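To keep things clear, I will list the structure first and then write my remarks on it.
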Amino acid sequence: MMNNHTLVKEFILIGFPVGPDTRMFLLGLLSLLYTFTLIGNGVILRLICLETRLHTPMYFFLSQLALVDISYACDTVPQMLANLMDPVKPISYAGCITQTFLFLTFAVTECLLLVVMSYDRYVAICHPLRYSVIMSWRVCNILSLISWALGFLLASADIILLLPLPFCGPQKINHFFCEILTILKLACADTYVLETLVLVGATSVLVGPLSSIVISYMRIIWAVLHIQSRKGRQKAFSTCSSHLCVVGLFYGTAIIMYVGPKHGNSRGQKKYLLLFHSLFNPMLNPLIYSLRNNEVKDALKRVLGKGRPS
């Protein structure tokens, strides 16, 4: 069937179909947000490395989350900025597949890290006397390694399904990066089964971990309600509030994109929702943890105080 067709070796990302003035405005705005994302998550990583008081399982997993958020942004935003500067500049087939693979890896890894962080909070609040034993550094490293490994393996499974597909045109991707479902629609083959498998996999990766988080927090709430002192209840809830905000942002946007209804102009809407998911979420996460966490704010003050001349 492919004898009369030329296989596509590069794609063109449509990105933002706007005029030159708006494009330059978006270029400046997204560059600024990208810089904030790198600085914010970089500061979180630096604080956790420097401050011995933050050398706990909770902040270890937070450092892993910051690392994933930096990787997220570095995978999608540079190509987005390049596309704004030159809308017709293509991306190679290999580059597109690599970008898809990395995005899926980081997405699944973050999804699993949020589950691990909820388990950490569950153990800290429901089993405080056994916390140091259950959440030993060996266990923390294993949980982190499993999250990264599963992210790599599940992303590899999707890419293995994608690689055999022929692409003979069109070569324009209606997105600002190589999103897997958008790429599948360009294949010169029937991709219904593959699209279904990708959606089923995405649904499983989202619903399964989210269910675990919900169960953990149901037990946390039950335990907190049995704490006698009001100050103790407030302290317990405060340690979970930042994580709950991040969970809400991550899973809320992801579920709408991959599990939500398909109707109307949903493809265009979900494209911009994915922009929020891949750029704004990583930028907001360090702000949420720094603004709502006294230990992080105190650590930042100590580090800044050490850096001032006496």
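Using this note's numbering, the letters of the sequence shown correspond one by one to residues 988 to 1297. Backbone N, C-alpha and C fix where the C-beta goes; we use that ideal spot for every residue, glycine too. Everything numeric in this text was worked out from a predicted model, so none of it was measured.
Problem - Spatial distance of H1162 from L1236 (CA atoms) - result: Answer to the nearest angstrom: the Cα atoms are 21 angstroms apart.
Exercise for the section: Go ahead and pull the three-state DSSP assignment for F1003. Expected result: Reduced to three states, the DSSP call for F1003 is coil.
Exercise for the section: In angstroms with no decimal places, state the Cα-to-Cα distance between A1210 and Y1204. Expected result: A1210 and Y1204: Cα-Cα distance of roughly 9 angstroms.
Exercise for the section: Kindly indicate the opening and closing residues of the alpha helix (DSSP H) around D1107. Expected result: D1107 -> alpha helix (DSSP H) spans Y1080 to C1113.
Exercise for the section: Figure out for me which residue from G1006, K1258, G1029 and L1141 has the closest Cα to the Cα of L1089. Expected result: It is L1141.
Exercise for the section: Tell me where the alpha helix (DSSP H) around Q1221 begins and ends. Expected result: Boundaries of the alpha helix (DSSP H) around Q1221: R1217 to Y1245.
Problem - Neighbourhood of V1102 by C-beta distance below 7 angstroms, restricted to the same chain and skipping five residues each side - result: Cβ within range, chain order: P1196, S1199 and I1200.
Handout entry: Alpha-carbon to alpha-carbon, L1000 and N1252
Key = Unreliable placement is indicated for N1252, whose pLDDT of 47 sits below 50; the coordinate value is still reported in the next sentence. If you take the alpha carbons of N1252 and L1000, they lie about 19 angstroms apart.
Handout entry: Assumed close pair S1134, T1096 - CB separation to whole angstroms, cut-off 8 angstroms
Key = So it is a contact: roughly 5 angstroms between Cβ atoms.
Handout entry: Cα-Cα separation, K1218 to I1202
Key = One C-alpha to the other measures close to 24 angstroms.
Exercise for the section: Would you kindly work out how many angstroms separate the C-alpha atoms of L1049 and P1157, rounded to a whole number? Expected result: Going by the C-alpha atoms only, they are around 42 angstroms apart.
Exercise for the section: Could you confirm whether any beta carbon from chain B is found closer than 8 angstroms to the beta carbon of Y1276? Expected result: Going by chain labels, chain B is absent from the structure shown, which holds only one protein chain.
Problem - Residue environment, H1250, which counts as buried when at least 16 other CB atoms sit within 10 Å - result: Its pLDDT being 46, under 50, H1250 is placed unreliably by the model, and the measurement read from it follows with that caveat. Counting C-beta atoms within 10 angstroms of its own C-beta, H1250 has fewer than 16 neighbours from the protein chains shown and is therefore classed as exposed.
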